[in-house]
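Top to bottom, those sequences are chains G and Y.
Just so you know, numbering that gives the first Met the number 0 puts 131 at position 132 of the first sequence, and the rest follows in order with no gaps.
Just so you know, numbering that gives the first Met the number 0 puts 185 at position 186 of the second sequence, and the rest follows in order with no gaps.
Idealized CB from N, CA, C, for every residue including glycine.
All remarks here apply to the structure that follows.
Protein chains: 2
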Amino acid sequence: MRIDIAFLPKDVSKLELSNTVCIVLDIFRATTSIVTSIANGCKSIIPVLSIEDAHTLADQIGPILFAGERQSIKIEGFDFGNSPLEFSQDKVQDKTIIMTTTNGTAAIKATEGAHRTLIGSFVNAKAVCLQAKQYEKNILIVCAGTDGLFSLEDTLCAGLLVQLLTGEGERIMTDSARGALLMYNEGKDKLIQIAAESRNGKRLYDIGRMDDVEYCFRTDLLAVVPQYIGGRIILDK
Amino acid sequence: MRIDIAFLPKDVSKLELSNTVCIVLDIFRATTSIVTSIANGCKSIIPVLSIEDAHTLADQIGPILFAGERQSIKIEGFDFGNSPLEFSQDKVQDKTIIMTTTNGTAAIKATEGAHRTLIGSFVNAKAVCLQAKQYEKNILIVCAGTDGLFSLEDTLCAGLLVQLLTGEGERIMTDSARGALLMYNEGKDKLIQIAAESRNGKRLYDIGRMDDVEYCFRTDLLAVVPQYIGGRIILDK
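Structure (structure tokens):
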């Protein structure tokens, strides 16, 4: 089994993924929010790239909830922004949500064609790795990044996943997987401090979402693994 | 002063660099060889992208030495391959060399338009950082990577440079700079071991160039800083 990391969705575009399980990470905050929603009983999440696409789709499929942000701020008229703390059981249980976020949606869509696309985060790290290993395929961890630039928090989580995936048995790691593992090992005892100095972490602090930063690092809080299949994100059972 | 890292030359293509000092790294082995050549008295090195360009240029400028590799192997008929140990004083003093390497040449050329382009490596790490700081500009460390993929050894060296550049005073670091610094701090006491497991390191071991791997990690062996200016690499005095 080969373990690789793409630091950005654009690095995925030329890859042949039919024999690969992808794990998508957008720690601040799309994939953390998706995992939390699915854990709280959300039936399905449909990721779309634009606000326009969200409205067009809603017109087709009827009453629905909208989630999404631009520049970390909730889109006007939407039911949810992109804070994982918003997606509580009383609001999402048995619901379908159309979601559009700046980076996370694009990262998920970049993996179309993969054998499987799983949604990862710190909060379901162990669960997503256990699930990914079961497929016995190559694994590509796809970091969403931020506006086309490398994101520290995504890569730190990728390093944790590399550690969990390579725990037993022989695995082939690419240089990017080895690099992220080194990064995680150096940073694992000071994740929140590092995040506070990162570009996205600073932005969340600036808009007063320190609670989100702390939540997004709650490693192994949840045991669910969302899967992106047929254009929807559902629980991977 | 802002410190940034591009993990690959293609990440540089859209940047406006006129107010930026670039430090190019191709640890295995182009920039290590260039620094060594200049330290051994080589007058200038002209990087070109193709073997054809090398011959065309030689026809124009007359008797000259050729250096270059493809897939880590010396190009047929060339005077040097890409091992830094080949560029000894008796062979390079006062000479001009036309060089074409798989990744290093492209990385150097990607920085055209920068305020300055300096050639870095572990062997001149401190010297290149001291020189780069003197310009009082933003600094972009450009990793050559390997065939368009992230290289661990280049990024580890980039992390060392970030540490040296941020030693004193307030600096703004991007996420990629912070990430490489974490990587270097975790790896610094086992660089050769990590390199032996990296893609390029394995290749050098496979072709019996363990001596190159060890040489390329001899941090601060040399005090020279080559500069790429007007299409040539010369000593930056």
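In or out: residue i buried (at least 16 other Cβ within 10 Å) or exposed?
i: Arg217 of chain Y; result: exposed
i: Lys201 of chain G; result: exposed
i: Ala222 of chain G; result: exposed
i: Ser120 of chain Y; result: buried
i: Ile72 of chain Y; result: exposed
i: Glu68 of chain G; result: buried
i: Ser87 of chain G; result: exposed
i: Met209 of chain Y; result: exposed
i: Ile191 of chain Y; result: exposed
i: Ser49 of chain Y; result: exposed
i: Ile60 of chain Y; result: exposed
i: Arg15 of chain Y; result: Per the sequence presented here, residue 15 of chain Y reads as Glu, with Arg not at that position. Exposed, by the Cβ-count rule.
i: Ile239 of chain Y; result: In the structure as shown, chain Y begins at 0 and stops at 236. Residue 239 of chain Y is therefore absent and cannot be evaluated.
i: Gly207 of chain G; result: exposed
i: Gly76 of chain Y; result: exposed
Expressed to the nearest angstrom, what Euclidean distance is found between the alpha-carbon atoms of residue i and residue j?
i: Gly178 of chain Y; j: Ala66 of chain G; result: 30 angstroms
i: Ile2 of chain G; j: Thr31 of chain Y; result: 29 angstroms
i: Ile26 of chain Y; j: Asp153 of chain Y; result: 6 angstroms
i: Ile118 of chain G; j: Leu7 of chain G; result: 15 angstroms
i: Leu220 of chain Y; j: Gln226 of chain Y; result: 18 angstroms
i: Cys156 of chain G; j: Ser175 of chain G; result: 13 angstroms
i: Val127 of chain G; j: Gly80 of chain G; result: 24 angstroms
i: Ile193 of chain G; j: Ile97 of chain Y; result: 44 angstroms
i: Ile4 of chain G; j: Gly103 of chain G; result: 16 angstroms
i: Leu159 of chain Y; j: Leu234 of chain G; result: 43 angstroms
i: Ile107 of chain Y; j: Arg28 of chain Y; result: 13 angstroms
i: Arg115 of chain Y; j: Cys142 of chain Y; result: 16 angstroms
i: Leu64 of chain G; j: Thr95 of chain G; result: 6 angstroms
i: Lys42 of chain Y; j: Lys9 of chain Y; result: 29 angstroms
i: Tyr134 of chain G; j: Thr55 of chain G; result: 35 angstroms
i: Val11 of chain Y; j: Ala109 of chain Y; result: 7 angstroms
i: Tyr214 of chain Y; j: Leu181 of chain Y; result: 23 angstroms
i: Lys90 of chain Y; j: Ile22 of chain Y; result: 26 angstroms
i: Ala195 of chain G; j: Val122 of chain Y; result: 34 angstroms
i: Pro62 of chain G; j: Asn39 of chain G; result: 20 angstroms
i: Glu185 of chain G; j: Glu185 of chain Y; result: 5 angstroms
i: Lys13 of chain Y; j: Ala53 of chain G; result: 31 angstroms
i: Met0 of chain G; j: Tyr183 of chain G; result: 21 angstroms
i: Gly144 of chain Y; j: Ala57 of chain G; result: 44 angstroms
i: Val224 of chain G; j: Leu148 of chain Y; result: 29 angstroms
i: Lys189 of chain Y; j: Leu24 of chain G; result: 29 angstroms
i: Ala105 of chain G; j: Ile33 of chain G; result: 14 angstroms
i: Lys187 of chain Y; j: Asp78 of chain Y; result: 34 angstroms
i: Leu203 of chain Y; j: Leu203 of chain G; result: 44 angstroms
DSSP puts residue i in a beta bridge; with which residues?
i: Gly67 of chain Y; result: Y:Thr99
i: Leu139 of chain Y; result: Y:Asp3 and Y:Cys21
i: Tyr227 of chain G; result: G:Thr116 and G:Ile232
i: Gln92 of chain Y; result: Y:Cys41
i: Phe46 of chain Y; result: Rather than Phe, the amino acid found at residue 46 of chain Y in this sequence is Pro. Beta-bridge pairing links Pro46 of chain Y to Y:Met98.
i: Thr145 of chain Y; result: Y:Leu148
i: Ile171 of chain G; result: G:Arg1
i: Lys73 of chain Y; result: Y:Glu68
i: Phe86 of chain G; result: For Phe86 of chain G, which the question treats as bridged, DSSP gives no partner whatsoever.
i: Phe79 of chain Y; result: Y:Ala66
Hey, out of the options, whose CA is closest to residue i's CA?
i: Gly230 of chain G; options: G:Val47, G:Glu68, G:Glu15 and G:Ile22; result: G:Val47
i: Ala113 of chain Y; options: Y:Ile191, Y:Lys73 and Y:Asn18; result: Y:Asn18
i: Ser82 of chain Y; options: Y:Ser150, Y:Asp211, Y:Leu148 and Y:Thr116; result: Y:Asp211
i: Ile74 of chain G; options: G:Glu51, G:Gln92 and G:Lys136; result: G:Glu51
i: Ile125 of chain G; options: G:Ile138, G:Leu148, G:Leu164 and G:Ile140; result: What sits at residue 125 of chain G in the sequence shown is Lys, not Ile. Here the closest residue by C-alpha is G:Leu164.
i: Asp205 of chain G; options: G:Gln70, G:Ile33, G:Ser49 and G:Thr55; result: G:Gln70
i: Ile232 of chain G; options: G:Lys189, G:Glu111, G:Leu16 and G:Gly61; result: G:Glu111
i: Lys236 of chain Y; options: Y:Cys21, Y:Ala131 and Y:Val23; result: Y:Ala131
i: Asp146 of chain G; options: G:Arg198, G:Ile191, G:Met172 and G:Leu129; result: G:Arg198
i: Leu84 of chain G; options: G:Met172, G:Thr99, G:Ile45 and G:Thr35; result: G:Thr35
i: Ile171 of chain Y; options: Y:Ile45, Y:Lys136 and Y:Leu148; result: Y:Lys136
i: Ile138 of chain Y; options: Y:Ile37, Y:Leu148, Y:Val161 and Y:Lys189; result: Y:Val161
i: Ser150 of chain Y; options: G:Leu129, G:Thr173, G:Gly186 and G:Ile140; result: G:Thr173
i: Ile37 of chain G; options: G:Gln92, G:Glu185, G:Gly144 and G:Lys13; result: G:Gln92
i: Ile140 of chain G; options: G:Lys13, G:Met0 and G:Val20; result: G:Val20
i: Ile44 of chain Y; options: Y:Thr100, Y:Lys13 and Y:Gly76; result: Y:Thr100
i: Pro129 of chain Y; options: Y:Ala105, Y:Gly144, Y:Leu148 and Y:Gly166; result: The sequence given here places Leu at residue 129 of chain Y; Pro does not occur at that position. Here the closest residue by C-alpha is Y:Gly166.
Along the segment 184-213 of chain G, what residues have a CB closer than 9 angstroms to any CB found in chain Y? Asn184, Glu185, Gly186, Ile193, Glu196, Ser197, Arg198 and Asn199
Using a Cβ-Cβ cut-off of less than 8 angstroms, give me the residues of the segment 10-29 of chain G that come near chain Y, in sequence order. none
Closer than 8 angstroms between beta carbons: that is the criterion. Which residues of the segment 78-96 of chain Y meet it against chain G? none
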